[in-house]
Amino acid sequence: MTLALASSPAHLGLHAIARLIGCLAIGILLAACDGPEQREAAHLERGKDFLEEGNRVKARLEFRNVLQINPLNVESRYYLALVEEADGNMRGAFANFRKATQQQPDHLPSLIKVGQYYLFANQLDQAGEMAQAILASTPDSADGHALLGAIHLRNKDLDLAHREIDLALQSDPSNLPAVSTLVGIQRQAGDIDSAFKTLDAALARAPSATGLLQ
Numbered sequence: 050m051t052l053a054l055a056s057s058p059a060h061l062g063l064h065a066i067a068r069l070i071g072c073l074a075i076g077i078l079l080a081a082c083d084g085p086e087q088r089e090a091a092h093l094e095r096g097k098d099f100l101e102e103g104n105r106v107k108a109r110l111e112f113r114n115v116l117q118i119n120p121l122n123v124e125s126r127y128y129l130a131l132v133e134e135a136d137g138n139m140r141g142a143f144a145n146f147r148k149a150t151q152q153q154p155d156h157l158p159s160l161i162k163v164g165q166y167y168l169f170a171n172q173l174d175q176a177g178e179m180a181q182a183i184l185a186s187t188p189d190s191a192d193g194h195a196l197l198g199a200i201h202l203r204n205k206d207l208d209l210a211h212r213e214i215d216l217a218l219q220s221d222p223s224n225l226p227a228v229s230t231l232v233g234i235q236r237q238a239g240d241i242d243s244a245f246k247t248l249d250a251a252l253a254r255a256p257s258a259t260g261l262l263q
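Counting along the sequence shown from 1, when you hit position 129 you're at 178 in the numbering used here, and nothing is skipped either side.
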């Protein structure tokens, strides 16, 4: 009689349901251990590792995986822009840097990059807005003061340019944009000897700095 009960359809149905519930519980636990946030973080860290190794193809893929999970991940957007920049895709780099600032208006590294791109394009009003945003967030930012100094230099206002560059170099004596702008100020003032001395001292600290070499 006991054997008959054990093999009855009703008993088998209950057993199957119990097994199904157990499997579902395990699946839920596994999903919790590997949810979107965990996968997002894992892709981001792998992307950074690949970028540090110089493997930009795999780094780009990882950062894009992050953005597929979370399009608002500003850090991944910024790193993707760095990859595009390193590959010479300046349009793609700028678009991602700019989107990062739109998603997070106080994201300092992206603000600096967008400001530098505007300066390079001679869009000085927009570059000035970025400089003000940088300094509003971080008043002693060497990059913010260097950007503002470069804008003043483009506008031929050497006194204001020098003031901003002094503030930049007080904050970071090795800041390359500030040093480059200081050389420009000295050249425009006709002080070529000082310009060469500034340049030589900067190259001694950073001999592979492309901007200074140019």
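Where is the CB? At the ideal position from N, CA and C, for every residue including glycine.
For Leu121, the three-state secondary structure derived from DSSP is coil. For His194, the CB contacts under 6 Å within the same chain, skipping 5 residues up- and downstream, are Glu213, Leu216 and Ala217 in chain order. C-alpha of Arg147 to C-alpha of Arg113: approximately 17 Å in a straight line. Pairing Ser229 with Asn171, the inter-Cα distance amounts to about 16 Å.
Excluding the 5 residues flanking it on each side, Ala108 has same chain C-beta neighbours closer than 7 Å at Gly96, Phe99, Leu100 and Val132, in chain order. Between Arg254 and Ala244, the CB-CB gap reaches or exceeds 9 Å.
In the DSSP annotation of this structure, Ala238 is not part of any alpha helix (DSSP H), being labelled neither H nor E. With fewer than 16 other Cβ atoms inside 10 Å of its own Cβ, Glu94 counts as exposed. Counting C-beta atoms within 10 angstroms of its own C-beta, Gly164 has 16 or more neighbours from the protein chains shown and is therefore classed as buried. In the structure shown, Gln152 adopts helical secondary structure according to DSSP, grouped into three states.
In this structure, Asp155 sits away from Ser125, with a CB-CB distance that is not shorter than 9 Å.
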